[in-house]
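Just so we're aligned: 20 in the numbering used here is position 20 of the sequence shown, and the numbers increase by one with no gaps anywhere.
In what follows, a single structure is set out as structure tokens and then discussed.
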Amino acid sequence: MIAKILEGKLFAAQIKEEAKAGVEEIKSAFGITPSLAVVIVGENPASKVYVRNKHKTCEELGILSEVIELPETITKDELITEIDKLNLDKKINGILVQLPLPAAIKAHEEEILNRIDPLKDVDGFHPYNVGRLVTGSPTLVPCTPAGCIKMLDLAGIEIDGKRAVIIGRSNIVGKPMLHLLMSRHATVTVCHSHTKNLPEVTREADILVAAMGKPNFVTADMVKAGAVVVDVGINRIAPKKLVGDVDFESVKEIASAITPVPGGVGLLTVAMLMQNVIKAAKLQVH
Ligand code: NDP
């Protein structure tokens, strides 16, 4: 079997079209234009590229976007004061602090992120939103796992009743993915670095999600014939070469569908962020 390649750009375009319609709907129903504030601290070049990309996508969809550039030397308390200002600003619907934070304040990351008003937390990292996700209440969900689910839906891939295996248990990808798949009635196993006999577990998956950050780790012998393979990993193995956590060339021979890297789920994250800004704007008018 040769897998269907799940091209991120096709799904991202559909998600963005939906978001564009959402912006228009909010404008006409409530007379407001959804808005996002992205806070970037310091000069990390990769972060700057991500922030520019978010800003550009906002502009493309008619979402107002403000980039707040703060110096590397900012203290934790000064950064919290900036977040408080954005929390109180009625014109701002979504707030995102671009990670990683500089080394000097990295230890305070949790406190800083938790300061964001949960109704404006478009990354979905605040414990309030995490709690709502776990209890199955509608909420702002982390963009990358939400993008994976949206892609499966758009591709017409059934989740209900399927065996799903996730490799990785981070707060950003693995854990929210568990709750999203479970809420869609998959039977889910989460693997991590202490999992014994990993290939045995992954071979049970109808839907296999790799989110571990290990280049080309998942090989064909770890995949059941006909499985759907979602590769969240982004690993730079040379200055201009990105690969996923899945050995694409061998696994595409056995899976029924697979996401490539680059060009797979990575493209959905920003599109889902736009959806979260719209969701946040709606939460704030209700
Ligand atoms: P983390 O490093 O936070 O988590 C990695 C997880 O993988 C951990 O739970 C770890 O286990 C597990 N793991 C590591 N090695 C193994 C192994 N040999 N066997 C089984 N499990 C293992 O990573 P993230 O979740 O933040 O990111 C994962 C990948 O996804 C990265 O490549 C990252 O770049 C990418 N990513 C892509 C995004 C996008 O597309 N936009 C967004 C976010 C991430 P343990 O907990 O035991 O240490």
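Where is the CB? At the ideal position from N, CA and C, for every residue including glycine.
- Its Cα nearest to that of T259, the residue V246 stands out among I237, V246, E158.
- With respect to the 8 Å criterion, P100 and K106 are classified as neighbours on the basis of their beta carbons.
- The Cβ atoms of N93 and P34 sit closer than 8 Å to each other.
- Counting only beta-carbon distances shorter than 7 Å to the non-hydrogen atoms of the ligand NDP, the qualifying residues in chain order are T144, I167, G168, R169, S170, I172, V173, G174, C191, H192, S193, H194, T195, L198, A211, M212, G213, K214, F217, V232, G233, I234, N235, D245, V265, G266, T269.
- Scanning G136, G213, I159, G168 for the CA closest to the CA of H179 turns up G136.
- Each of K224, A186, P145 was checked against the Cα of G168, and the nearest Cα belongs to P145.
- Here the alpha carbons of L154 and M1 stand approximately 22 Å from one another.
- Residue pairing by DSSP places C191 opposite I167 in a beta bridge.
- For D123, no beta strand (DSSP E) encloses it, and the DSSP letter there is neither H nor E.
- Positions of the alpha helix (DSSP H) runs, each at least 4 residues long and wholly inside the stretch 70–102, are given as 76–88 in order along the chain.
- The beta carbon of V173 sits closer than 6 Å to those of T144, P145, A211, V232, all from its chain and outside the five residues before and after it, given in chain order.
- According to DSSP, A238 shares a beta bridge with K241.
- In the DSSP assignment, V38 falls within the beta strand (DSSP E) that extends over 35–41.
- I237 counts as exposed, since fewer than 16 other C-beta atoms from the protein chains shown sit within 10 angstroms of its C-beta.
- E7 sits in coil when the DSSP states are folded into three classes, being neither helix nor strand.
- Note on the stretch 142–166: whole alpha helix (DSSP H) runs with a minimum of 4 residues are 143–154, in chain order.
- Excluding sequence positions up to five before and after G161, its CB lies within less than 7 Å of the CB of H185, all in the same chain and listed in chain order.
- Exclusion of the five residues before and after L64 leaves T33, S35 as the residues of its chain whose Cβ lies within less than 6 Å of its Cβ.
- Distance between Y128 and V97, taken at the CA atoms: about 17 Å.
- Taking the CA atoms as reference points, L198 sits about 31 Å from L140.
- Annotation: A210 is outside any alpha helix (DSSP H); the continuous beta strand (DSSP E) that includes it extends over 207–210.
- For the set P138, D84, V122, D89, the Cα lying nearest the Cα of I112 is the one of D84.
- Only residues of its own chain outside the window of five on either side were considered, and among them A37, L86, I116, K120 have a CB closer than 6 Å to the CB of I95, listed in chain order.
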